[in-house]
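The structure appears below as structure tokens.
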Amino acid sequence: MLLLKLMIFIFFSTIVFYLTVKIEIINSIITPAITLTTKIEKINNYNFYYNNTYTKTKMKSWRNMAIDLIKENQAREEYRNNNFIVTDGKNDSQQATIVETPLYSKLKRQYSRYYRFKVKDTINHQYLMNYFVQTEFDKETMDFIMETPRWNFVSNAANWVMSWMYTKTDIMGFIGKGNMMCLSTYQYKQILRINRTLPTIKFVDEDEDDDNDDPLKVYFDSLLDIGAGCGSTTLYMKPLFKNVTATEASKGMIYSLNRKGIDSVFCLDLETCDQLKDKEYDVVSCLNVLDRCEKPISLLNTIKKFLKPNGRLILAVVFPFNPYVEFGGVDNLPLETINLDQETLSEYVDSFNKQVFIPNNFEIDSFTVGPYISEGDALYQNYVLTDVVFVLKVKKEDSNKDSNDLMSCD
1 MLLLKLMIFI
11 FFSTIVFYLT
21 VKIEIINSII
31 TPAITLTTKI
41 EKINNYNFYY
51 NNTYTKTKMK
61 SWRNMAIDLI
71 KENQAREEYR
81 NNNFIVTDGK
91 NDSQQATIVE
101 TPLYSKLKRQ
111 YSRYYRFKVK
121 DTINHQYLMN
131 YFVQTEFDKE
141 TMDFIMETPR
151 WNFVSNAANW
161 VMSWMYTKTD
171 IMGFIGKGNM
181 MCLSTYQYKQ
191 ILRINRTLPT
201 IKFVDEDEDD
211 DNDDPLKVYF
221 DSLLDIGAGC
231 GSTTLYMKPL
241 FKNVTATEAS
251 KGMIYSLNRK
261 GIDSVFCLDL
271 ETCDQLKDKE
281 YDVVSCLNVL
291 DRCEKPISLL
301 NTIKKFLKPN
311 GRLILAVVFP
321 FNPYVEFGGV
331 DNLPLETINL
341 DQETLSEYVD
351 SFNKQVFIPN
361 NFEIDSFTVG
371 PYISEGDALY
381 QNYVLTDVVF
391 VLKVKKEDSN
401 KDSNDLMSCD
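Okay, here's the thing in structure tokens:
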């Protein structure tokens with residue numbers, strides 16, 4: 001009986017592997033016909049751009065598809081073989097001059113909309129501009145897009161076989177998938193700076209020593225990254241900290257974190273995690289986790305316990321806010337709801353501030369907007385969403401209250 005089950009398993013595995021290979025071959029032919037602009041836009045307007053993509057694919061000749069493929073490969077090779085040259089201005093008032101490759105310029109134009117933040121309601125939302133830090137498409141973002149491997153027939157086949165024993169999240173961790181990018185290291189430096197005057201851009205070669213007088217340097221002692229996933233986002237923050245600890249509820253992702261050299265803690269609940277008991281950190285990061293947990297408000301209040309005095313919370317949330325709880329909750333919905341006004345991006349940020357942060361004793365120190373990029377597949381190079389990244393601090397009302405209590409006792 002066991003032998004029969006094994007034969008059936010091998011038979012179906014072979015069929016799936018064969019079909020996956022055929023689909024991969026077909027996709028490798030069709031994919032070049034889809035322009036990169038369509039790949040990016042498809043995320044936010046799926047139905048319209050899917051139909052548009054299908055039409056373009058059918059109308060393109062084999063010759064044009066081959067030409068597009070050759071041009072794309074040539075552009076990639078040109079980018080890989082040439083240094084990304086940046087010359088910075090002498091002071092903060094001067095803009096950096098960037099010598100760009102054609103592919104870099106193209107992607108920068110296409111991704112620029114993810115970095116835009118405009119205030120339409122100047123009466124109620126203009127105050128947000130006091131906290132907004134403008135970031136832009138940079139080399140690290142370009143490198144992630146160009147170098148991050150896509151899902152292919154091998155990873156798809158491995159995913160299918162392992163799905164008999166592991167969850168989707170565990171599988172991605174074990175096979176090295178689930179790579180995402182929120183901000184680059186330089187952009188984290190920007191939003192964590194006390195002085196919000198934007199500096200000039202400067203990239204230093206790996207072989208060169210960092211300039212000790214670089215005003216962008218922001219170094220902290222410790223970081224706790226909650227729900228770090230495979231660790232790809234953690235790696236961009238790691239250079240700014242002496243000690244980095246990441247938590248995850250997936251053993252597959254713990255495996256991925258350890259492979260990347262990130263100290264990790266298997267943690268299902270921050271409140272009951274013995275390895276984190278009585279520990280405090282300069283910065284706690286919670287990147288795109290709030291819309292995936294069953295008690296988001298409780299999580300925010302728990303994070304306060306892990307912050308040192310004057311510590312900071314880096315909180316990233318996808319716009320628009322659409323909660324989906326994979327494990328827990330009720331019908332994949334959270335137990336604690338967050339009601340937001342999110343017709344526009346500025347309305348979304350204002351609503352988060354007034355309905356979530358202020359009632360829970362947080363205040364905005366700074367924030368930025370940018371692309372939340374994940375690895376692609378056979379059809380699309382990357383998947384992109386709009387991300388809002390806040391730097392929050394805890395109000396000092398509690399300490400004032402304690403002082404008042406002491407005075408009343410006297």
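According to UniProt numbering, the sequence shown is numbered sequentially starting from 1.
Beta carbons are placed, not taken as given, at the ideal position from N, Cα and C, and that holds for glycine.
Boundaries of the alpha helix (DSSP H) in which residue i is found, first to last residue
{"i": "D350", "result": "L345 to F352"}
{"i": "S298", "result": "P296 to I303"}
{"i": "K106", "result": "P102 to Y111"}
{"i": "M253", "result": "K251 to R259"}
{"i": "Y188", "result": "T185 to L192"}
{"i": "residue 417", "result": "Only positions 1 to 410 of the chain appear in the structure, and residue 417 is not among them; the question remains open."}
Residue nearest to residue i in terms of C-alpha spacing, selected from the options
{"i": "D387", "options": "Q74, S105, F117 and E77", "result": "F117"}
{"i": "M253", "options": "E147, F321, F266 and S351", "result": "F266"}
{"i": "Y111", "options": "V391, N382 and L392", "result": "N382"}
{"i": "P371", "options": "K354, F137, D278 and V325", "result": "F137"}
{"i": "residue 412", "options": "N81, T167 and K177", "result": "Because the chain spans 1 through 410 in this model, residue 412 falls outside it and cannot be assessed."}
{"i": "F220", "options": "V244, T233, C230 and V133", "result": "V244"}
{"i": "K168", "options": "K251, N130 and Y131", "result": "K251"}
{"i": "N130", "options": "P320, I191 and P239", "result": "I191"}
{"i": "residue 439", "options": "D170, R193 and V133", "result": "No information on residue 439 is available, as it lies outside the stretch 1 to 410 that the chain covers here."}
{"i": "T368", "options": "Q355, P359, V349 and F362", "result": "V349"}
{"i": "residue 457", "options": "M180, K238 and Y114", "result": "The question about residue 457 has no answer, for the chain in this structure spans 1 to 410."}
{"i": "G173", "options": "N361, L299 and E248", "result": "E248"}
{"i": "N124", "options": "D278, F362, T344 and G328", "result": "T344"}
{"i": "L299", "options": "P102, Y104 and N360", "result": "N360"}
{"i": "M180", "options": "D269, Y380 and E375", "result": "E375"}
{"i": "G311", "options": "S264, L224, G328 and L276", "result": "L224"}
{"i": "T135", "options": "I145, L128, R80 and R113", "result": "R113"}
{"i": "D341", "options": "V133, E147, N322 and D278", "result": "N322"}
{"i": "V133", "options": "P320, F319, T122 and Y115", "result": "Y115"}
{"i": "L315", "options": "Q74, K242 and F362", "result": "F362"}
Start and end residues, beta strand (DSSP E) containing residue i
{"i": "V393", "result": "In the sequence under discussion, the amino acid at residue 393 is Lys, which differs from the Val named in the question. That run of the beta strand (DSSP E) goes N382 to V394."}
{"i": "T368", "result": "F362 to E375"}
{"i": "I123", "result": "Looking at the DSSP string, I123 is not in any beta strand (DSSP E); the run it does join, the alpha helix (DSSP H), is T122 to H125."}
{"i": "P309", "result": "L307 to F319"}
{"i": "T167", "result": "From DSSP, T167 is part of no beta strand (DSSP E); its letter is neither H nor E."}
{"i": "N243", "result": "F241 to E248"}
{"i": "S285", "result": "Y281 to L287"}
Short Cβ contact (9 Å threshold) for residue i with residue j
{"i": "S366", "j": "Y281", "result": "no"}
{"i": "M165", "j": "I175", "result": "no"}
{"i": "I262", "j": "L235", "result": "yes"}
{"i": "P334", "j": "C273", "result": "no"}
{"i": "V317", "j": "F352", "result": "yes"}
{"i": "Q355", "j": "N332", "result": "no"}
{"i": "K304", "j": "E336", "result": "no"}
{"i": "I145", "j": "L183", "result": "no"}
{"i": "Y104", "j": "E140", "result": "no"}
{"i": "E77", "j": "P102", "result": "no"}
{"i": "D278", "j": "Y324", "result": "no"}
{"i": "F319", "j": "L385", "result": "yes"}
Residues of its chain near residue i, where Cβ-Cβ distance is below 7 Å and the 5 sequence neighbours each way are ignored
{"i": "K396", "result": "none"}
{"i": "K58", "result": "Summary for K58: the model assigns pLDDT 41, below 50, so the residue's position carries little reliability; its value from the coordinates is reported in the next sentence. Once the five neighbours on either side are set aside, K58 has no close Cβ partner at all."}
{"i": "L307", "result": "E280, Y281, V284, L313 and V394"}
{"i": "G231", "result": "A246, S256, L257, K260 and I262"}
{"i": "residue 411", "result": "Only positions 1 to 410 of the chain appear in the structure, and residue 411 is not among them; the question remains open."}
{"i": "I171", "result": "N159, M162, S163 and G252"}
{"i": "N301", "result": "N360"}
{"i": "T233", "result": "M180, M181, C182 and L287"}
{"i": "Q126", "result": "V119"}
{"i": "G328", "result": "E294"}
Own chain, CB closer than 6 Å to residue i, minus 5 neighbours either side, in chain order
{"i": "G227", "result": "V289"}
{"i": "T148", "result": "N179 and E375"}
{"i": "L270", "result": "T302"}
{"i": "Q275", "result": "V265"}
{"i": "I297", "result": "E336"}
{"i": "I373", "result": "M181, N382 and V384"}
{"i": "E326", "result": "none"}
Paired residues, beta bridge with residue i - DSSP
{"i": "S264", "result": "A246"}
{"i": "F220", "result": "F241"}
{"i": "I226", "result": "C286"}
{"i": "M180", "result": "S374"}
{"i": "V119", "result": "Looking at the DSSP assignment, V119 forms no beta bridge with any residue, so it has no partner."}
{"i": "L333", "result": "V330"}
{"i": "F174", "result": "DSSP lists no partner for F174."}
{"i": "F132", "result": "F367"}
Neighbourhood of residue i by C-beta, 8 Å cutoff - its chain only, sequence neighbours within 5 removed
{"i": "E208", "result": "Note that E208 scores a pLDDT of 44, beneath 50, so its modelled location is shaky and nothing firm can be said."}
{"i": "S346", "result": "F117, K118, V119, K120, D121, H125 and L128"}
Heavy atom of the ligand ATP within 8 Å of residue i beta-carbon
{"i": "E271", "result": "The ligand ATP is absent from the structure shown, which contains no ligand whatsoever."}
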